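> This structure is in structure tokens; I'll ask about it shortly.
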Amino acid sequence: MRKIFIASIFLFCAACSGKKQNGEIYSEKSYIMSVPVEVKFYSGDISSVSKKAKSIIGEAKRISDEFSYNEAYSQTSYVNKNAYEKWVNVDMEFINLLKISKRYYELTSGGFDPTFAPLWPIWKEAASKRKMPSQDEISKAISKIGYNNVIFDEQALKVIFLKPVELNLGGVLRGYAFYKIAEMLKKENINEKLSLDIGANRLCWGEGKWSYEVASPFDEKKIIGVLNFPSGVIVSSSGRSHFVEIEGKLYSHILNIKTGYPIENFSNLIVYLPDIKEDFISSAALAILGKEKAFEMVAKQKGACAVWIDGAGNVSYFASQDSLCKWEKPKKFKIF
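Right under this line is the structure:
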């Protein structure tokens, strides 16, 4: 999530596609939550889907404006400036995001921690200079981190920090945006076939054949496989590049905040869900658990499947018993 993500440039390449219906595809693009956002309508009258597309983009922007770490007037910025040793007022939506973050924090035993801010400049500089930070730097940063210092009162809608920590909810915001937008689509009875891209994460709405192409972590022009599914949500841990090269060695783009270091032997985790709920588990949080535990969690999700790509580019696929998602490995690499 703040982020747990530490990386340089966006190299991940995946495609979620649907066949055209009733003419041309209508598309709206934006840049929200530090990633490209695009909604495409594959069916419906252009004049009517235009308004719907703008509403979808608008909801994603609302969530970003309200809760992003980098938005100066967001609730998150307000809380970070005022909540140390003092209760501050927030709304229920902010509390819900704190509850989701707490679940990730507890599930990963602190590996996922939205108060990771002190580690951010250390690894950002390490990636820029390609020089490993010292253990002393890491230890000092970790001593200033701890989601257990964030206390919230769900009834009173208040938050307080016991230590001068900073919240960054970016690790949950993109998945949360999918949840809120899916709820909006259901409420407004939007039946047109559409896809929504938020970075490497995608919502494919409407029954039919959908596919998500997965690229090699070492060459974004090479497709190593395709996920095929009827409809649903794809959440990918690879929001930016897969690796950071430091002192000649490749390191994962995801940090385990408990240790302060990148998780080992990992490239990407892609999870398919036929539907997304508010209490979903992000692929980045699952990645911190390791492949076996991540797949155990996926097994508990009805209709889900997952693709794990390790640091050497080896692929492992898992699907829950009732999943309609299928992994198709090409006989030869597909090259763009």
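Here the sequence shown is numbered in the numbering used here, starting from 372 and rising by one per residue. Glycine residues also receive a C-beta, built at the ideal position from the N, C-alpha and C atoms. All values reported here derive from a predicted model rather than from experimental measurement.
Go through its chain and collect everything with a Cβ distance to Leu-567's Cβ below 7 Å, but skip five positions before and after it.
Val-410, Ile-427, Ile-552, Arg-573, Leu-574
> Along the chain, which unbroken stretches of the beta strand (DSSP E) at least 3 residues long are found entirely within the segment 517-595?
Entirely contained in the segment 517-595, the beta strand (DSSP E) runs reaching 3 residues are, in chain order, 521-524, 529-532, 565-569, 572-576, 581-587.
> Asp-436: buried (16+ other C-beta within 10 angstroms of its C-beta) or exposed?
Sixteen is the threshold: since fewer than 16 other Cβ atoms of the shown chains lie within 10 Å of the Cβ of Asp-436, the residue is exposed.
> Is the beta carbon of Thr-479 sitting closer than 8 Å to the one on Ile-516?
no
> For the beta strand (DSSP E) that contains Ala-690, what are its first and last residues?
686-690
> What are the partner residues of Tyr-411, as DSSP defines its beta bridges?
It should be noted that the sequence gives Lys, not Tyr, for residue 411. Ser-398, Ser-566.
> Apply the 10 Å Cβ neighbour rule to Lys-500 and answer buried if 16 or more other Cβ atoms are within range, or exposed otherwise.
Exposed: under 16 other Cβ atoms inside 10 Å.
> Ser-414: buried (16+ other C-beta within 10 angstroms of its C-beta) or exposed?
buried
> Here's the rule: buried if 16 or more other CB atoms are within 10 angstroms of the residue's CB, otherwise exposed. What is Ile-522?
exposed
> Closest to Leu-695 by C-alpha separation, out of Asp-650, Ser-602, Glu-616, would be which residue?
Ser-602
> Please tell me whether Trp-583 and Lys-648 are closer than 8 Å, where the distance is taken between their beta carbons.
Per the sequence shown, the amino acid found at residue 583 is Tyr instead of Trp. No, the Cβ-Cβ distance between Tyr-583 and Lys-648 is not below 8 Å.
> According to DSSP, is Ile-434 part of a helix, a strand, or is it coil?
helix
> Would the beta-carbon of Leu-626 fall within 8 Å of that of Leu-540?
Leu-540 sits away from Leu-626, with the two beta carbons spaced by 8 Å or more.
> Near Ala-670, what residues of its chain come up, given a Cβ to Cβ distance below 7 Å and the 5 sequence neighbours on each side ignored?
Apart from sequence neighbours up to five positions away, the residues of its chain that approach Ala-670 with a beta-carbon distance below 7 Å are Ser-691, ordered along the chain.
> What three-state label does DSSP hand Cys-696 in the structure shown?
Coil at Cys-696, not helix or strand.
> Run through DSSP, which three-state label would Phe-465 get?
Looking at Phe-465 - three-state DSSP - the assignment turns out to be helix.
> Report back the beta-carbon spacing between Ala-454 and Ile-531 to the nearest angstrom; my notes put them in contact at under 8 Å.
6 Å
> Can you tell me whether DSSP reads Asn-636 as helix, strand or coil?
coil
> What number of angstroms, rounded off, separates the C-alpha of Ile-617 from the C-alpha of Gly-546?
30 Å
> Can you give me the start and stop residues for the beta strand (DSSP E) that Leu-621 sits inside?
620-623
> Report the option in Pro-407, Ile-396, Ala-677, Ser-608 whose CA atom is closest to the CA atom of Asp-416.
Nearest of Pro-407, Ile-396, Ala-677, Ser-608 to Asp-416, Cα basis: Ile-396.
> Would you please state the rounded distance, in angstroms, between the beta carbons of Ser-439 and Val-543? I believe it to be under 8 Å.
The pair is not a contact, with the Cβ atoms about 11 Å apart (cut-off 8 Å).
> Do the segment 490-499 and the segment 625-639 touch if we need at least three Cβ pairs shorter than 8 Å?
yes
> Within 10 angstroms of its Cβ, does Ser-510 collect 16 or more other Cβ (buried), or is it exposed?
Sixteen is the threshold: since fewer than 16 other Cβ atoms of the shown chains lie within 10 Å of the Cβ of Ser-510, the residue is exposed.
> Could you please give me the residues that DSSP links to Tyr-643 through a beta bridge?
Ile-605, Cys-676
> By how many angstroms is the C-alpha of Leu-598 removed from the C-alpha of Lys-700?
Distance between the alpha carbons of Lys-700 and Leu-598 is about 9 Å.
> Could you give the DSSP three-state label for Pro-701: helix, strand or coil?
coil
> Just to confirm, is the Cβ distance from Met-404 to Ile-569 under 8 Å?
Yes, they are a contact pair.
> Under the assumption that Leu-644 contacts Ala-665 (Cβ atoms under 8 Å), give the Cβ distance between them as a whole number of angstroms.
The pair is not a contact, with the Cβ atoms about 14 Å apart (cut-off 8 Å).
> Judging by CA-CA distance, which residue of Ile-605, Ser-638, Met-555, Asp-693 is the nearest neighbour of Asp-590?
Ser-638
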